[in-house]
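This report refers to the structure that appears directly beneath it.
Number of protein chains: 6
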Amino acid sequence: MGVVRRNVNRTDLEIVDGLAALGVATVHEAQGRKGLLAAYMRPIQQGTRIAGTALTCEVSPGDNWMIHVAVEQSKPGDILVVSPSSPCEDGYFGDLLATSLIAHGVRGLIMDAGVRDTADLRDMGFPVWTKAVFAQGTIKETVGNVQMPIVCAGAYVNAGDVIVADDDGVVVVKREEAAEVLKKGRAREANEGDKRARLAAGELGLDIYNMRGKLAERGLVYLDDPAD
Amino acid sequence: MGVVRRNVNRTDLEIVDGLAALGVATVHEAQGRKGLLAAYMRPIQQGTRIAGTALTCEVSPGDNWMIHVAVEQSKPGDILVVSPSSPCEDGYFGDLLATSLIAHGVRGLIMDAGVRDTADLRDMGFPVWTKAVFAQGTIKETVGNVQMPIVCAGAYVNAGDVIVADDDGVVVVKREEAAEVLKKGRAREANEGDKRARLAAGELGLDIYNMRGKLAERGLVYLDDPAD
Amino acid sequence: MGVVRRNVNRTDLEIVDGLAALGVATVHEAQGRKGLLAAYMRPIQQGTRIAGTALTCEVSPGDNWMIHVAVEQSKPGDILVVSPSSPCEDGYFGDLLATSLIAHGVRGLIMDAGVRDTADLRDMGFPVWTKAVFAQGTIKETVGNVQMPIVCAGAYVNAGDVIVADDDGVVVVKREEAAEVLKKGRAREANEGDKRARLAAGELGLDIYNMRGKLAERGLVYLDDPAD
Amino acid sequence: MGVVRRNVNRTDLEIVDGLAALGVATVHEAQGRKGLLAAYMRPIQQGTRIAGTALTCEVSPGDNWMIHVAVEQSKPGDILVVSPSSPCEDGYFGDLLATSLIAHGVRGLIMDAGVRDTADLRDMGFPVWTKAVFAQGTIKETVGNVQMPIVCAGAYVNAGDVIVADDDGVVVVKREEAAEVLKKGRAREANEGDKRARLAAGELGLDIYNMRGKLAERGLVYLDDPAD
Amino acid sequence: MGVVRRNVNRTDLEIVDGLAALGVATVHEAQGRKGLLAAYMRPIQQGTRIAGTALTCEVSPGDNWMIHVAVEQSKPGDILVVSPSSPCEDGYFGDLLATSLIAHGVRGLIMDAGVRDTADLRDMGFPVWTKAVFAQGTIKETVGNVQMPIVCAGAYVNAGDVIVADDDGVVVVKREEAAEVLKKGRAREANEGDKRARLAAGELGLDIYNMRGKLAERGLVYLDDPAD
Amino acid sequence: MGVVRRNVNRTDLEIVDGLAALGVATVHEAQGRKGLLAAYMRPIQQGTRIAGTALTCEVSPGDNWMIHVAVEQSKPGDILVVSPSSPCEDGYFGDLLATSLIAHGVRGLIMDAGVRDTADLRDMGFPVWTKAVFAQGTIKETVGNVQMPIVCAGAYVNAGDVIVADDDGVVVVKREEAAEVLKKGRAREANEGDKRARLAAGELGLDIYNMRGKLAERGLVYLDDPAD
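Chains as they are written, first to last, in our numbering: chain U, 1 to 228; chain H, 1001 to 1228; chain B, 2001 to 2228; chain Y, 3001 to 3228; chain F, 4001 to 4228; chain C, 5001 to 5228.
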């Protein structure tokens, strides 16, 4: 009942690294405001931004066996993406698995469940985004799937898609759209530089974006405050 | 259907700054244990304490248009207080809006929804208390209200009221009560210094506050533990 | 209606300190995956690991009176464990109570409710694990129990049991099992060192733990990805 | 520290009863989509719709003393609206208090906390909307406020305002706006009858509301599904 | 690693049935406001009140194997009380297990996780209180404990204790305290009858309980509402 | 930016109706324990079981415009499945839309957000499963997608897939697997009849499923309870 897909096609790492430089919010905007994982996915560290290719892993509740299976399928540049088949916050992942993944060039972990050994993970420099921090141990009894499509924290992830993660959360970009999203994201970023300078000089967004007419048309009125 | 009140009366900044020095817990106690925003309002930074005058802004779910309108109404010393008309955790606010608010002397943001670009906001030194960190983008289609009374995270906030925020959360002080609260808060703080010294010397609160009689009267009994 | 047990038997501090060195995840595993407090118990600081003997305190909702009673029962090496008789997130605990506990050698606080003055608590070096940070004040009207058994964040805690707490959460070890758990935990840790080295060298868990046979037997199959 | 306002002005009961006939969703729309209490306020019965004048009551966490004070201030046509000064789900209210309120002509209860004796309350025909059902008992030690403005489940409620409640939830209408809201709500309802008939006959909302042009303008495109 | 205790002592069923007649709220009050399970434990049916002796069962997350073990230990008059070793909302229990329990005289189920086949369970008249309704299936791989003490929904339950459950929730009464609690509960109920009659006649709780003096002493003041 | 796919292939209604007869729990088991929507999806009615073909609709937060677009794409036998592009609990759907869908033969609604007019919907016999009941109104400003794949309450749904919903929740079956799942589900159901009879006669699952050996092997031990 468990399936492992081998030799999955991955997004080119040059594109992946370009998306990392843009960050989650910009990538999300550039691809039409889709692909975000749920807001409950939080980093265990602060100030880290990574991107990588999704190594997908579906596990049973309270059972981390398939993560060991996933390690063998990893390639440098991957990010491990784990989702339980029903909601669970157990501590599926700790410093030993991180040691193993680092040895295979995996860049980080996206866990729609729980992790532990978080102090060690921070010390090792292995970045993690997770639903929960919980020391509850897991068993190794049930097989699941590796490199099959999964729903992780409300987002649909295919093996080989791009994962971008930073302090704002996590976003997935489809492999076939990644090059286009990178182009749009860079254009967006270039455009923002000019606006930032004007806003920093005190100019109003109302004027820069020419909003006053549409606001009035939609019914915005101004009142002078009565003395009180 | 949207209203912007202009030239709102604000609490005097000298009082505001006095309240900042006291912090959230002391101010909350000094005004009779009222005015706290819900416990889910958390800072995105650590170790920052600010106070300012409330610049209120009611937005639609998933629509941050009115924040641009609010910037124009801001004055140095304000804190922007944003509340959606129905619950929403989208990322209403990022580094561009922060750049604009800093340029106008606004001291921070209280967001009963979501923010993004949190790493940038920390780098810029713009303090934020928020319900969620979420990169989900917003639109600009619906008008709302600026400087009208709002309910933010369960507390009623009038434009020009005082907002105090630190690692413990956020509290609002009514403009007309602010001077009195400052006086009471300072008295409270002075009184605590002596107690702190006695407690640090090992004296018991039971004795300092003379609690033993009332405890016995309310039925407290002491048992010597049986050997086990 | 309130009871205070005096002179409770406590776990030997040498055992306690040994357990602190192992940390929450290892202790939890060593005692057969039991005793964890709920995942919502989070530290207000990062990178701190402590252990101590449980000083238990049951309080009423919104009433912190019994914490003052508990201080008198404290001994050096204790950790204060507070649980409300019905769920509550008020700020039961702040810098004055911490000052008092430090003066009596108490090592930290486990609060299944809320705390405040968190910036001060961090500055004082008094470690806290809590359900909530909330400045809401409490009253002193109702008696409760000190050193009686309590359920704290879903775990059953007896006075004198061992509490271990770090970035991963909080675990309780029964006094009568503590010596045995320490022995098992040390054995476990010794065993992990060798595995860590092999994993760091790139060896797979699949091989180290000899999992391939059982995986196949439970139905795991490998597919080569079709070209796409 | 507790205040009871006597002889509060109430909305005329003829208007109140008119609003009851419209129901929560229509009243909410008629007053410009404001005034809803949070979605967590659920009825303990099904199929009941009431309206009344708000009898406001602020209680301490775990303390229902002020509800007894509120009963004395009640008038026929009132709905009791209770809000704790910090979040609490204790069982503030049961069949004895309901017996008392019924004797004074109070029409129901809106409780931003917990109730108990729910089977009895249903048998007595006393309607309740509440955050929680929980048998946890409360004490009588702390004074609060009656007929002062409160924030209940995220909405600001003044004594004498109109409360409308049904299976969809609870909405508050300001006393000074109630007559106008009633007029608008009735107009809205009249207008819906025609639309309902056309929709029931199979006509599309796209055509009735003339939406196709604006949809195309905002970028909606139609694709014929490829064979699969 | 799993333990089954056989031939556990149970509370006398005459006492159990006496407690059923009182209901959850009264029993909870009669034993000093303790023993309630968390408010999230809700009945899947309405209007049912039962009591029985606790048949305790600790299961692993996503694994219902031990429930089959528990059935063999059941006796007529028991209520099955199930708690997972870490939080889980899977559907541990459905119509087949209910069929089996009914055959052995078990009176109902208290599940700190999820159940399914709820329509069938209602049709069969097998009452259930649960944290969740969820069809997610479970496996049978890991042993746990039967008739050992457990923490269920925040309450400590020993095998043979009394469970009382109705529309208000669930309460546990220790076996050794059950007779005394029954006596106190009956006294409490007798006392309430008189009060109910006086309240129904319109008399105020303020007068019946003689509260006015203490309210004034604690600072309650009355204001006549200014004209507005 | 919005796309509507027309003429989507749907699962044969004979298969759909066969799956309805099995119910959610059996269908979920028959397809290998996958496809369940999150446990927070609850029916607004009790005792109803339906199945239909998914008519998918992605909406913006607080904006129900696309539901009107979806109606035109509906065919008899469809179930409307709505998911917001970011989490939202507004009342997207009420009696007018239900009137329109009924006119086009749509069998029910699966809403990963909020609905209103719930009393009317029950009266009309239009079944709904929803995340929330909330009267909050929505706007019509932003286009989205109809009949494109969506993630709804954590499950991936393609247009034309089968939706089965009853008191236990909601499950999706892929169109290409539906016939096979129906076959397996019927076999499963036939097999359960015999077991039900044996369990009703008092036979133990331990014996019927032959569990004793595996339990002992996994370490289950039996203790006779010490007298107490």
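Positions of the beta carbon are idealized from the N, C-alpha and C atoms, including for glycine.
* State buried or exposed for residue 5043 of chain C, treating a residue as buried only when at least 16 other CB atoms are found within 10 Å of its CB. => buried
* Asked: Between the C-alpha atoms of residue 171 of chain U and residue 165 of chain U, what's the straight-line distance to the nearest angstrom?
  -> 6 Å
* To do: Label residue 2010 of chain B either buried or exposed according to how many other C-beta atoms from any shown protein chain fall within 10 Å of its C-beta, with 16 as the threshold for buried.
  => buried
* To do: Could you tell me which chain F residues have their CB closer than 9 Å to the CB of residue 2151 of chain B, listed as they occur along the chain?
  => 4151, 4154, 4155 and 4156
* Span separating the alpha-carbon of residue 4174 of chain F from that of residue 4018 of chain F -> 15 Å
* So, are the CB atoms of residue 1062 of chain H and residue 5086 of chain C less than 8 Å apart? -> yes
* Asked: Under the three-state reduction of DSSP, which class applies to residue 1094 of chain H: helix, strand or coil?
  -> coil
* Taking Cβ positions only, does residue 1112 of chain H come closer than 8 Å to chain C? -> no
* CA-CA distance, residue 1071 of chain H and residue 1131 of chain H? -> 21 Å
* Asked: What's the C-alpha gap between residue 3179 of chain Y and residue 3146 of chain Y?
  -> 25 Å
* Asked: Between residue 1049 of chain H and residue 1080 of chain H, what straight-line distance do the alpha-carbon atoms span, to the nearest angstrom?
  -> 15 Å
* To do: Can you give me the start and stop residues for the beta strand (DSSP E) that residue 4072 of chain F sits inside?
  => Counting along the chain, residue 4072 of chain F falls outside any beta strand (DSSP E), though it belongs to the alpha helix (DSSP H) covering 4065-4073.
* Asked: Do the stretch 4120-4128 of chain F and the stretch 4181-4201 of chain F touch if we need at least three Cβ pairs shorter than 8 Å?
  -> no
* **Through-space distance from residue 2209 of chain B to residue 2202 of chain B, alpha-carbon basis** => 14 Å
* May I ask you to list, following chain order, the residues of the stretch 1014-1034 of chain H that have a beta carbon less than 8 Å from some beta carbon of chain Y? => 1032, 1033 and 1034
* Distance between residue 1118 of chain H and residue 167 of chain U (C-alpha atoms, nearest Å) -> 6 Å
* Nearest to residue 4134 of chain F (by Cα), restricted to the options C/5066, C/5036 and C/5191 -> C/5036
* **Pick from F/4140, F/4109 and F/4100 that is closest to residue 5195 of chain C, judged by C-alpha positions** => F/4100
* Taking the C-alpha atoms as reference points, what is the distance between residue 5068 of chain C and residue 5058 of chain C? -> 12 Å
* To do: Mind checking the stretch 176-190 of chain U against chain D and listing, in chain order, the residues whose C-beta falls within less than 9 Å of any C-beta there?
  => No chain D appears in this structure, whose protein chains are U, H, B, Y, F and C.
* To do: Consider the Cβ of residue 5166 of chain C: report whether some Cβ of chain Y lies at a distance smaller than 8 Å.
  => no
* To do: Tell me whether the beta-carbon of residue 1074 of chain H lies closer than 8 Å to the beta-carbon of residue 1055 of chain H.
  => yes
* Straight-line Cα distance separating residue 123 of chain U from residue 13 of chain U -> 26 Å
* Best match in C/5002, C/5112, C/5078 and C/5155 for proximity to residue 5088 of chain C [C-alpha to C-alpha] -> C/5112
* **Any C-beta of chain U under 8 Å from that of residue 1116 of chain H** => yes
* Assuming residue 5026 of chain C contacts residue 5189 of chain C (C-beta within less than 8 Å), just tell me the rounded distance between them. => 6 Å
* Could you pull out every unbroken alpha helix (DSSP H) segment of at least 4 residues lying fully inside the stretch 117-176 of chain U, listed in chain order? => 118-124
* Under 7 Å from the C-beta of residue 1083 of chain H: neighbouring residues of chain C -> Under the 7 Å cutoff, chain C gives no residues; its nearest Cβ is about 14 Å from residue 1083 of chain H.
* Three-state secondary structure (DSSP) of residue 1012 of chain H -> coil
* Asked: Does DSSP put residue 3037 of chain Y in a helix, in a strand, or in coil?
  -> coil
* Asked: Between the Cα of residue 5092 of chain C and the Cα atoms of C/5109, C/5038 and C/5004, which residue gives the shortest distance?
  -> C/5109
* Asked: Quick one: what does DSSP say residue 3044 of chain Y is sitting in, helix, strand or coil?
  -> coil
* **Member of F/4107, F/4199 and F/4223 whose CA lies at the smallest distance from the CA of residue 3104 of chain Y** => F/4199
* Select from C/5031, C/5204 and C/5051 the residue whose C-alpha is nearest the C-alpha of residue 5163 of chain C. => C/5051
* Asked: Leaving out the 5 sequence neighbours to the left and right, which residues in its chain are closer than 6 Å to residue 5136 of chain C when beta-carbon positions are compared?
  -> 5090 and 5091
* Asked: Can the beta-carbon of residue 6 of chain U be found closer than 8 Å to that of residue 2040 of chain B?
  -> no
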